[in-house]
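Engineer: Following this message is one structure expressed as structure tokens.
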DNA sequence: CCATCCGCAGTTTTT
DNA sequence: CTGCGGATGG
């Protein structure tokens, strides 16, 4: 391969990015503009043309899927192995660093990783041990606090006394949590990042080594980096150039710590940085892009870009406002039938929604019409209860000090070891500063337990010890199979004759399968047993459902899950105020803008046709709710939308003569909508019940609590919106 | 200690 | 309407 091969088929902007000088580069890559292509070709360019050694490249992504895809595409491009390159997720690469330097970071060699479920369990255990009321200190919130502080690089000892008793309590919990992790020799996800950052920070010779070693760093989905990941990246880069690819308009993970500022301030952080915009879209029709551009234009502070596309204008969007959620689902099913009748495939269709709860009604409609479908997201393989139970046995087999696993399985399946006995073990462990396993052994030798409890505990420990012996030296899948069998888990779940029990048994069998096909790079984690490597893999790779494009299925997923994917036909359902944008985001403009970016992501998934649906009323949490069409509908120019009107409903019209579209537009014009609570200087609090006129002439009808219904001209009335 | 009933809350998700 | 956690009875 020579220079021209690498650049073949790239447009000028893509070429510019691929061949950019070896400085910091920010590629602002609009949806469908060939982002991954640029990234992989850049790597090929650096190696083939600039003569950069593959081992001095580090490419980082957020998901395993993206990392695997990048590796595969680079290999195809270079027709050589990428083994020597560091390509992986932030957590995967951080993990690799820690495995190499476990001694320097004071971890046991076979340290294990806590996933968020493990972490939550540990937090709960800590709360109980500190005798803290869970209702006042919700474990979820505590978990959020701990991860939040770690993401800021703050250890408990860095958190100063602020005099705030709530803060003091949280710090106390955080301290205990750290101690517990340390004792058990486990690290949570955030810890992987923080610990490796501290390693590089404190050990200057290691830092120098890695900064020398990596001459080029490449980041995908840069807009999704959180503070800690960004700090990690910069420290590892040193003065080496960073090639970042991202799109501020597709930042949809602010709620989990992603900082859109990183992409917006890139040129300040890297003063010599070059910014390149990829604005030509190869995915969608011009109509779809116009709609996307119009919606996202309502956001402030964008880096700004305008997507355009060549080719067939295609069909304009379609909007159907249903009477209710069932009618909406029926319409969607009809549209799918139509698509297929016109020669389309089901696998070309995606149904997107804001929250998982919405899938049910749609699924029922699809089942009713015999349309095969597949729901993405939901529980992942390695996160299922039964699988995690089995993994806990395996973890305890390799390391008896793993208290998190110990607690999980000591009475799973039930072997008559209850809260009481467990509490004695915990007390003993704390007093003696040892693991639960060790504490159990001690209590048994000094004969401190009731004979019943002692027998049960002894039985459990013997089970683990014997299992460890039996399994030692056997092939990995046999180890797993024997563990699943002898732990009693298989029999336990098989007792449940329902569909659920059946599925659990199958999952346990599948785990053995996963172990059979598990391969690992022997150079990757030196000194670890195959089992330990497998366990780390299970924690870091949640086990994605995998392809499935060969089944001709309609795909159902949340808008978040759709990021990075594309489909000829996209149906965005539940386009309603309160649902999308979600009511939780109403209070803060920043969160509302994130919802809008989510809408932008949804629209730009569509290649040929985009359909939008909403329901006037739907059952939510067992209650009937009424909503207006989403403001995002109103933000799309009306000439781009074909509004499919339902037949007039018997009874009083909900829209007082307006089409849903007109309604949505007025919502946008005034910043108010029907149902919004407002405050008036003279009339006090009330709720908007109607609205008419455009621009300066807008009038709203408000039903005031104390003064009844009044029509007010918005320009004069000075209504203050309430939350 | 273990099964069953009641009350409550209830976006989005990767590692 | 669900699923989870806590309280209750066997």
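Numbering (our numbering), first residue to last: 69 to 791.
Virtual Cβ for every residue (Gly too), placed ideally from N, Cα, C.
Under the three-state reduction of DSSP, which class applies to residue 657: helix, strand or coil?
Structural biologist: Here residue 657 corresponds to residue number 589 of the first chain, with the count starting at 1. DSSP places residue 657 in helix when its eight states are reduced to three.
Engineer: State the DSSP-derived secondary structure class of residue 193, mapped to helix, strand or coil.
Structural biologist: Counting from 1 along the first chain, the entry for residue 193 is found at position 125. DSSP places residue 193 in the helix class (H, G or I) of the three-state scheme.
Engineer: Which residue comes first and which comes last in the alpha helix (DSSP H) that contains residue 636?
Structural biologist: By one-based count along the first chain, residue 636 stands at place 568. Premise fails: residue 636 lies in the beta strand (DSSP E), 635-640, not in any alpha helix (DSSP H).
Engineer: Closest to residue 128 by CA distance: which of 490, 245, 284, 84 is it?
Structural biologist: By one-based count along the first chain, residue 128 stands at place 60. Considering only alpha carbons, the answer is 284.
Engineer: Can you name, in chain order, every residue of its own chain whose Cβ lies under 7 Å from the Cβ of residue 545, other than the five neighbours on each side?
Structural biologist: Within the first chain, residue 545 is the residue found at index 477, counting from 1. Excluding residues within five positions, the ones whose Cβ falls inside 7 Å are 580, 583, 584.
Engineer: Do residue 472 and residue 190 have their CB atoms nearer than 7 Å?
Structural biologist: As a position in the first chain, residue 472 is number 404, starting the count at 1. As a position in the first chain, residue 190 is number 122, starting the count at 1. Yes. Within cutoff.
Engineer: Could you tell me whether the region 241-249 touches the region 214-232, where touching means 3 or more Cβ pairs closer than 8 Å?
Structural biologist: They touch, by the three-pair rule.
Engineer: Flag this pair as touching only if the region 331-338 and the region 669-688 have three or more C-beta atom pairs under 8 Å; answer yes or no.
Structural biologist: Flag = no, the region 331-338 and the region 669-688 do not touch.
Engineer: Measuring only the C-alpha atoms, how far is residue 705 from residue 379?
Structural biologist: On the first chain, residue 705 is found 637 positions in, with the first residue counted as 1. On the first chain, residue 379 is found 311 positions in, with the first residue counted as 1. Going by the C-alpha atoms only, they are around 21 Å apart.
Engineer: When the Cα atoms are used, what is the spatial distance from residue 397 to residue 436?
Structural biologist: Here residue 397 corresponds to residue number 329 of the first chain, with the count starting at 1. Here residue 436 corresponds to residue number 368 of the first chain, with the count starting at 1. Roughly 11 Å separates the two Cα atoms.
Engineer: At the level of alpha carbons, what is the spacing between residue 219 and residue 213?
Structural biologist: Walking along the first chain from the start, residue 219 turns up at place 151. Walking along the first chain from the start, residue 213 turns up at place 145. Near 10 Å, if we compare the C-alpha coordinates of residue 213 and residue 219.
Engineer: What are the boundary residues of the beta strand (DSSP E) that includes residue 795?
Structural biologist: Nothing in the structure corresponds to residue 795, since the chain is present only between 69 and 791.
Engineer: Rounded to the nearest angstrom, what separates residue 320 and residue 415 at their Cα positions?
Structural biologist: Position 252 of the first chain, counting from 1, holds the residue named residue 320. Position 347 of the first chain, counting from 1, holds the residue named residue 415. Rounded to the nearest angstrom, the two C-alpha atoms are 25 Å apart.
Engineer: Can you have a look at residue 457 and say buried or exposed, based on whether 16 or more other CB atoms are within 10 angstroms of its CB?
Structural biologist: The count along the first chain starts at 1 and reaches residue 457 at position 389. Label assigned to residue 457: buried.
Engineer: So, for residue 249: in the same chain, excluding its five sequence neighbours on each side, which residues have a beta-carbon less than 6 Å away from its beta-carbon?
Structural biologist: Reading the first chain from its first residue, position 181 is the one you call residue 249. Nothing meets the Cβ criterion.
Engineer: When the Cα atoms are used, what is the spatial distance from residue 429 to residue 422?
Structural biologist: Locating residue 429 in the first chain gives position 361, where the first residue counts as 1. Locating residue 422 in the first chain gives position 354, where the first residue counts as 1. Cα-Cα distance, rounded: 14 Å.
Engineer: Between residue 181 and residue 469, what straight-line distance do the alpha-carbon atoms span, to the nearest angstrom?
Structural biologist: For the purposes of this step, residue 181 is identified with residue 113 of the first chain, where counting begins at 1. For the purposes of this step, residue 469 is identified with residue 401 of the first chain, where counting begins at 1. Between residue 181 and residue 469, the C-alpha separation is close to 13 Å.
Engineer: Using the beta-carbon count (16 or more within 10 Å), is residue 539 buried or exposed?
Structural biologist: The residue you call residue 539 lines up with position 471 of the first chain. With 16 or more other Cβ atoms within 10 Å, it is buried.
Engineer: The alpha helix (DSSP H) with residue 793 in it runs from where to where?
Structural biologist: Since the displayed the chain opens at 69 and closes at 791, residue 793 lies outside it and no answer follows.
Engineer: Taking all protein chains shown into account, do 16 or more other C-beta atoms lie within 10 angstroms of the C-beta of residue 675, making it buried, or fewer, making it exposed?
Structural biologist: To locate residue 675, count along the first chain from 1; it is residue 607. Classification for residue 675: buried.
Engineer: Which term fits residue 784, buried or exposed, when burial requires 16 or more other beta carbons within 10 angstroms of its beta carbon?
Structural biologist: On the first chain, residue 784 is found 716 positions in, with the first residue counted as 1. Exposed is the call here.
Engineer: Pull up the distance between the alpha-carbon of residue 433 and that of residue 215, whole angstroms please.
Structural biologist: Counting from one through the first chain, the residue named residue 433 turns up at place 365. Counting from one through the first chain, the residue named residue 215 turns up at place 147. Rounded to whole angstroms, residue 433 to residue 215 spans 40 Å at the Cα level.
Engineer: Which two residues bound the contiguous alpha helix (DSSP H) that contains residue 407?
Structural biologist: Here residue 407 corresponds to residue number 339 of the first chain, with the count starting at 1. It spans 393-409 - the alpha helix (DSSP H) in which residue 407 sits, taken as one unbroken run.
Engineer: Once the 5 residues before and after residue 229 are set aside, which same chain residues still bring their CB inside 8 Å of it?
Structural biologist: Position 161 of the first chain, counting from 1, holds the residue named residue 229. Correct list, in chain order: 236.
Engineer: Whose C-alpha, out of 404, 113, 73, 772, is nearest the C-alpha of residue 85?
Structural biologist: Start at 1 with the first residue of the first chain, and residue 85 comes out as number 17. Closest option to residue 85, Cα to Cα, is 113.
Engineer: Could you check whether the region 598-610 touches the region 168-187, counting it as contact only if at least three pairs of C-beta atoms, one from each stretch, sit closer than 8 Å?
Structural biologist: yes
Engineer: Under 8 Å, with one C-beta from each stretch per pair, do the region 268-288 and the region 311-319 reach the 3-pair mark?
Structural biologist: yes
Engineer: Measure the C-alpha to C-alpha separation of residue 232 and residue 525 and round it to an integer number of angstroms.
Structural biologist: Within the first chain, the letter at position 164 stands for residue 232. Within the first chain, the letter at position 457 stands for residue 525. Cα-Cα distance, rounded: 43 Å.
Engineer: Is residue 778 helix, strand or coil when you go by DSSP?
Structural biologist: Working through the first chain from its first residue, we reach residue 778 at position 710. The three-state reading of DSSP puts residue 778 in strand, counting E and B together.
Engineer: Where in the region 85-120 do unbroken runs of the beta strand (DSSP E), each at least 3 residues long, occur, reported from the N-terminal end onward?
Structural biologist: 93-97
Engineer: In whole angstroms, what is the alpha-carbon distance linking residue 322 and residue 130?
Structural biologist: In the first chain, counting from the first residue as 1, residue 322 sits at position 254. In the first chain, counting from the first residue as 1, residue 130 sits at position 62. Cα-Cα distance, rounded: 14 Å.
Engineer: Report yes or no: do three or more beta-carbon pairs, one from the region 629-649 and one from the region 679-692, lie closer than 8 Å?
Structural biologist: Contact holds: three or more Cβ-Cβ distances are below 8 Å.
Engineer: Hey, how far is the Cα of residue 256 from the Cα of residue 708?
Structural biologist: Start at 1 with the first residue of the first chain, and residue 256 comes out as number 188. Start at 1 with the first residue of the first chain, and residue 708 comes out as number 640. When rounded, the distance between both Cα atoms is 48 Å.
Engineer: Around the C-beta of residue 426, are 16 or more other C-beta atoms found within 10 angstroms, so that it is buried, or is it exposed?
Structural biologist: Counting from one through the first chain, the residue named residue 426 turns up at place 358. By the Cβ neighbour-count rule, residue 426 is buried, with 16 or more other Cβ atoms within 10 Å of its own.
Engineer: What is the DSSP secondary structure of residue 321, counted as helix, strand or coil?
Structural biologist: The count along the first chain starts at 1 and reaches residue 321 at position 253. Note: residue 321 maps to coil in three-state DSSP.
Engineer: Taking only three categories from DSSP, how would you classify residue 227?
Structural biologist: In the first chain, the residue the question calls residue 227 occupies position 159. Residue state, collapsed to three classes: coil.
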